[in-house]
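Inspection log for the structure reproduced underneath, given as structure tokens.
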Amino acid sequence: MRKVAVVGVGQTKFSSAQEKTGVELFAEAAMDAINESNLKPGDVQALFVGNVLGDFSEGQGMVQAFITDNIGAFNIPANKYDGACASASMALRDAFMLVASGYYDIVLAGGTERAATMGTPLATRTFAMFSDSRYEYPCGITFPAVFALLAHLYARKYGIPLERLKEQMAAVSVQSYRHGRFNPKAHLHKEVTIDDVLSSFMVSTPIQLHDCCPFSDGAAAVILASEERANRLTDRPVYIVGAGQASSGPLSSQQDYLPRFRAREVSAKQAYDMAGLAPSDIDICELHDCFSIASLIAAEGLGFFDFGTSGQAWQKGQADIGGRLAVNPSGGLKSKGHPIGATGGGQVYEIVRQLRGEVEPERQVDGARIGMTDTLGGDGGTICNIILKRGW
Amino acid sequence: MDYKLTFKEYSQALKENRLLGLKCRQCTTITVPPRMVCRKCSSPELDIVGLSGQGTIETFTTAFVAAEGREDEAPYTIVMVALDEGPWLMGNLIGIEPEKVGMEIMGRRVKLGHQVFTGDKYSAGEAARPIFSLED
Numbered sequence: 073m074r075k076v077a078v079v080g081v082g083q084t085k086f087s088s089a090q091e092k093t094g095v096e097l098f099a100e101a102a103m104d105a106i107n108e109s110n111l112k113p114g115d116v117q118a119l120f121v122g123n124v125l126g127d128f129s130e131g132q133g134m135v136q137a138f139i140t141d142n143i144g145a146f147n148i149p150a151n152k153y154d155g156a157c158a159s160a161s162m163a164l165r166d167a168f169m170l171v172a173s174g175y176y177d178i179v180l181a182g183g184t185e186r187a188a189t190m191g192t193p194l195a196t197r198t199f200a201m202f203s204d205s206r207y208e209y210p211c212g213i214t215f216p217a218v219f220a221l222l223a224h225l226y227a228r229k230y231g232i233p234l235e236r237l238k239e240q241m242a243a244v245s246v247q248s249y250r251h252g253r254f255n256p257k258a259h260l261h262k263e264v265t266i267d268d269v270l271s272s273f274m275v276s277t278p279i280q281l282h283d284c285c286p287f288s289d290g291a292a293a294v295i296l297a298s299e300e301r302a303n304r305l306t307d308r309p310v311y312i313v314g315a316g317q318a319s320s321g322p323l324s325s326q327q328d329y330l331p332r333f334r335a336r337e338v339s340a341k342q343a344y345d346m347a348g349l350a351p352s353d354i355d356i357c358e359l360h361d362c363f364s365i366a367s368l369i370a371a372e373g374l375g376f377f378d379f380g381t382s383g384q385a386w387q388k389g390q391a392d393i394g395g396r397l398a399v400n401p402s403g404g405l406k407s408k409g410h411p412i413g414a415t416g417g418g419q420v421y422e423i424v425r426q427l428r429g430e431v432e433p434e435r436q437v438d439g440a441r442i443g444m445t446d447t448l449g450g451d452g453g454t455i456c457n458i459i460l461k462r463g464w
Numbered sequence: 093m094d095y096k097l098t099f100k101e102y103s104q105a106l107k108e109n110r111l112l113g114l115k116c117r118q119c120t121t122i123t124v125p126p127r128m129v130c131r132k133c134s135s136p137e138l139d140i141v142g143l144s145g146q147g148t149i150e151t152f153t154t155a156f157v158a159a160e161g162r163e164d165e166a167p168y169t170i171v172m173v174a175l176d177e178g179p180w181l182m183g184n185l186i187g188i189e190p191e192k193v194g195m196e197i198m199g200r201r202v203k204l205g206h207q208v209f210t211g212d213k214y215s216a217g218e219a220a221r222p223i224f225s226l227e228d
């Protein structure tokens, strides 16, 4: 396998409902990534793009083909990925493998979504399509409800009184909001306290409004290049040193592992093994905090904290900038936003800019050398992990 | 290879309050919801069996925000039940006010009934769903 580097990244602002099309959003992010890479659209050999709900949000399928034409990467092969919220990370992993294998030298990957455009009722309906349509959706399962089921399981399995767990979950949201306030591309810029979280609207017991990420519109794009090409394009390549992906069945089929996700642990092990790294080597992680409880479950599944203890870690600042590792300095899905097909691209965008030392000083992780992404689709049906390392 | 127990057949039986599952000829594990192969050993040698419909609540939530077209159903309680035969099954809990369901419900014994979700424009037709109620 050849070494593969990220040589350019782009991201639109993640936002509430807006009027640009999914193609327009991705084109903006893509051109920023291409320009930053000192390339032209015609240099791109293939496109891999996550887009999950374009047919519901704007009546648009097959965005990948239209994007190639729109940005002037004429007639290149283009693939669309649907791994629910993990789609862009799937796209990036495939792009990585095809550059590593020697098949392509320059690939554009990322994602675009208009989740906010759908409005809450339709977004809630379509997100529930990532649960089992026949055996689970008839029960009225929603995305918050999935993680609410896990929150109660978590409390019981680890013997944490629910009130204490809810304070730990609130601490996760407060930290994410605090970082997102300094991210100009974040969807939500709010100062939120523990009391605000605990007094917010109840969505699905025990998950309240401020435990949930928003539905967002947005796009993110990344240019991957072979080491040889990267060295000619930039003096600050960020190498992808590990990647993993794994699948699981419907929620009930995961009974032996819940509230842990087996797919995450399989995927993360692939990524760590490929990189020759351990959880203790990670300086910064953008992990999939679709709900506050999801952060606790993710941080443990990735090996950062012992099972049942990550809530305490958040409360002690161990998951904050300056702590054991910095989790979601972008504001995470909670504050930065969650345009589902683009989310994994947004995570890589953040890690690359952190490793280059380019983000706002209030949320810059000084000296970060190794970063990791964690992206979860559905009820753990698809999970991807990518490890990135500074190349200078 | 024919699919042993399709959703349609499972749903039809559930409408008669009969919960069907699959028993593995190789390892005797019970699989439900049904699939092509045994959930433990992946053997496709399965027989359709009737299940008791009794079990224990493993986890729960009361949903206050429903999906498009189902707003009138909220609030409602969703449970995951460990059936006495082993597998977990998602269903709804009735017979207790959704707002009053708390952690103390975990571990309680339940028995099975059913309701029919009539489906919406995105569903491929109706679907019977498990409805659980407390045994005592």
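Top line first, the protein sequences correspond to chains A and B.
Here the first sequence stands for residues 73 to 464, where the numbers follow the numbering used here.
Here the second sequence stands for residues 93 to 228, where the numbers follow the numbering used here.
Virtual Cβ for every residue (Gly too), placed ideally from N, Cα, C.
Remember, it's a predicted structure, so these values are computed and weren't measured experimentally.
Interface flag, Phe209 of chain B vs chain A, CB-CB below 8 Å | Within the second sequence, the letter at position 117 stands for residue 209 of chain B. So yes, Phe209 of chain B belongs to the interface.
Taking the C-alpha atoms as reference points, what is the distance between Met172 of chain B and Pro190 of chain B?
-> Sequence index remark: in the second sequence, residue 172 of chain B carries index 80 (1-based). Sequence index remark: in the second sequence, residue 190 of chain B carries index 98 (1-based). Looking at the two C-alpha atoms, the distance is approximately 15 Å.
Ordered along the chain, which non-local residues of its own chain (more than five positions away) have a Cβ less than 6 Å from that of Leu97 of chain A?
-> Sequence index remark: in the first sequence, residue 97 of chain A carries index 25 (1-based). Same-chain partners within the cutoff: Thr84, Thr184 and Ala291.
CA-CA distance, Phe128 of chain A and Phe199 of chain A?
-> Position 56 of the first sequence, counting from 1, holds the residue named residue 128 of chain A. Position 127 of the first sequence, counting from 1, holds the residue named residue 199 of chain A. Roughly 11 Å separates the two Cα atoms.
DSSP three-state assignment for Tyr168 of chain B, whether helix, strand or coil | Stepping through the second sequence from its first residue, residue 168 of chain B is reached at position 76. Strand, per DSSP.
Assuming Gly452 of chain A and Phe333 of chain A make a contact with CB atoms under 8 Å, what is their CB distance in whole Å?
-> As a first step, residue 452 of chain A must be located in the first sequence, where it is residue number 380. As a first step, residue 333 of chain A must be located in the first sequence, where it is residue number 261. That pair is a contact at about 4 Å.
Any idea if Arg462 of chain A is buried or exposed, counting beta-carbon neighbours within 10 angstroms, 16 or more meaning buried?
-> Stepping through the first sequence from its first residue, residue 462 of chain A is reached at position 390. Looking at its Cβ environment, which holds 16 or more other Cβ atoms inside 10 Å, Arg462 of chain A is buried.
For Asn400 of chain A versus Ser245 of chain A, is the C-beta distance shorter than 8 Å?
-> Start at 1 with the first residue of the first sequence, and residue 400 of chain A comes out as number 328. Start at 1 with the first residue of the first sequence, and residue 245 of chain A comes out as number 173. No. Outside cutoff.
Alpha-carbon spacing of Leu405 of chain A relative to Cys157 of chain A, whole angstroms | Counting from one through the first sequence, the residue named residue 405 of chain A turns up at place 333. Counting from one through the first sequence, the residue named residue 157 of chain A turns up at place 85. The alpha-carbon atoms of Leu405 of chain A and Cys157 of chain A are separated by roughly 11 Å.
Segment limits, alpha helix (DSSP H) that includes Met103 of chain A | Start at 1 with the first residue of the first sequence, and residue 103 of chain A comes out as number 31. Residues Gly94 to Glu108.
Please name the residue in B:Gly199, B:Glu101 and B:Thr121 whose C-alpha comes closest to that of Glu137 of chain B.
-> Here residue 137 of chain B corresponds to residue number 45 of the second sequence, with the count starting at 1. Closest option to Glu137 of chain B, Cα to Cα, is B:Thr121.
Chain B contact for Val275 of chain A (CB, 8 Å cutoff) = Here residue 275 of chain A corresponds to residue number 203 of the first sequence, with the count starting at 1. Yes, Val275 of chain A lies at the interface with chain B (some Cβ there is under 8 Å from its Cβ).
If we cut at 8 Å on Cβ distances, does Leu97 of chain B have a partner in chain A?
-> The residue you call residue 97 of chain B lines up with position 5 of the second sequence. Taking Cβ atoms only, chain A never reaches closer than 8 Å to Leu97 of chain B, which makes this a no.
Is Asn457 of chain A helix, strand or coil when you go by DSSP?
-> Taking the first sequence and counting its residues from 1, the one referred to as residue 457 of chain A is at position 385. Of the three classes helix, strand and coil, the one that applies to Asn457 of chain A here is strand, per DSSP.
Counting only beta-carbon atoms, is Gln61 of chain A nearer than 8 Å to chain B?
-> Only positions 73 to 464 of chain A appear in the structure, and residue 61 of chain A is not among them; the question remains open.
Give a yes or no on whether 8 Å exceeds the smallest Cβ distance from Phe156 of chain B to chain A.
-> Here residue 156 of chain B refers to the residue found at position 64 when the second sequence is read from its first residue. Yes, because at least one Cβ of chain A sits closer than 8 Å to the Cβ of Phe156 of chain B.
Interface flag, Ile170 of chain B vs chain A, CB-CB below 8 Å | The residue given as residue 170 of chain B occupies position 78 in the second sequence. Yes, contact with chain A.
Min CB distance Pro125 of chain B to chain A below 8 Å = Looking up residue 125 of chain B in the second sequence gives position 33. Interface residue, yes.
Any C-beta of chain A sitting closer than 8 Å to the C-beta of Phe224 of chain B?
-> For the purposes of this step, residue 224 of chain B is taken as residue 132 along the second sequence, with counting starting at 1. It does not; no Cβ of chain A falls within 8 Å.
Is Phe152 of chain B helix, strand or coil by DSSP?
-> Here residue 152 of chain B is taken as the residue at index 60 of the second sequence, counted from 1. Three-state result, Phe152 of chain B: strand.
Contacting residues, own chain, Cβ-Cβ under 8 Å from Asn109 of chain B (five flanking each side not counted) = Position 17 of the second sequence, counted from the start, is the residue given in the question as residue 109 of chain B. Same-chain partners within the cutoff: Gly145, Leu204, Gly205 and His206.
How would you list, in chain order, the residues of chain A whose beta-carbon sits under 8 Å from the beta-carbon of Asn184 of chain B?
-> Translated into positions along the second sequence, residue 184 of chain B becomes position 92. Going along chain A in sequence order, the residues near Asn184 of chain B (Cβ under 8 Å) are Cys211 and Gly212.
Residues that Met444 of chain A bridges to, as DSSP identifies them | For this step, residue 444 of chain A is matched to residue 372 along the first sequence. DSSP output for Met444 of chain A lists A:Cys357 and A:Ile459 as bridge partner(s).
Identify whether Leu330 of chain A lies in helix, strand or coil by the three-state DSSP scheme.
-> By 1-based counting over the first sequence, the position of residue 330 of chain A is 258. Leu330 of chain A: coil per DSSP, three-state reduction.
In terms of DSSP beta bridges, what is Lys152 of chain A paired with?
-> As a working mapping, residue 152 of chain A is identified with position 80 in the first sequence. According to DSSP, Lys152 of chain A bridges with A:Val121.
Who are the near neighbours of Arg441 of chain A in its chain, counting only those whose CB is closer than 8 Å to its CB and skipping five residues on each side?
-> Walking along the first sequence from the start, residue 441 of chain A turns up at place 369. The residues are Asp355, Leu427, Lys461 and Arg462.
Excluding the five sequence neighbours on either side, which residues of its own chain have a C-beta within less than 6 Å of the C-beta of Asp104 of chain A, listed in chain order?
-> Locating residue 104 of chain A in the first sequence gives position 32, counting from the first residue. Only Gly82 meet the Cβ criterion.
Taking Cβ positions only, does Leu164 of chain A come closer than 8 Å to chain B?
-> In the first sequence, counting from the first residue as 1, residue 164 of chain A sits at position 92. With 8 Å as the cut-off, Leu164 of chain A does not count as an interface residue toward chain B.
Indicate whether at least one CB of chain B lies closer than 8 Å to the CB of Ser205 of chain A.
-> Locating residue 205 of chain A in the first sequence gives position 133, where the first residue counts as 1. By this cut-off, Ser205 of chain A is an interface position.
Touching by the beta-carbon criterion (3+ pairs, under 8 Å), the region 158-172 of chain A and the region 279-299 of chain A | yes
Would you say Leu204 of chain B reaches chain A, if we count a Cβ-Cβ gap shorter than 8 Å as a contact?
-> Along the second sequence, read from residue 1 onward, the residue named residue 204 of chain B stands at position 112. No - not a single Cβ of chain A is within 8 Å of the one on Leu204 of chain B.
Output, in sequence order along the chain, the residues in the region 352-382 of chain A whose CB is closer than 9 Å to any CB in chain B.
-> none
Under 8 Å between beta-carbons, which chain A residues line up against Met195 of chain B? List them in chain order, please.
-> Counted from its first residue, the second sequence places residue 195 of chain B at position 103. His224, Ala227, Arg228 and Leu234, listed in chain order.
Does Pro216 of chain A get closer than 8 Å to chain B when you measure Cβ to Cβ?
-> For this step, residue 216 of chain A is matched to residue 144 along the first sequence. Yes, Pro216 of chain A counts as interfacial toward chain B.
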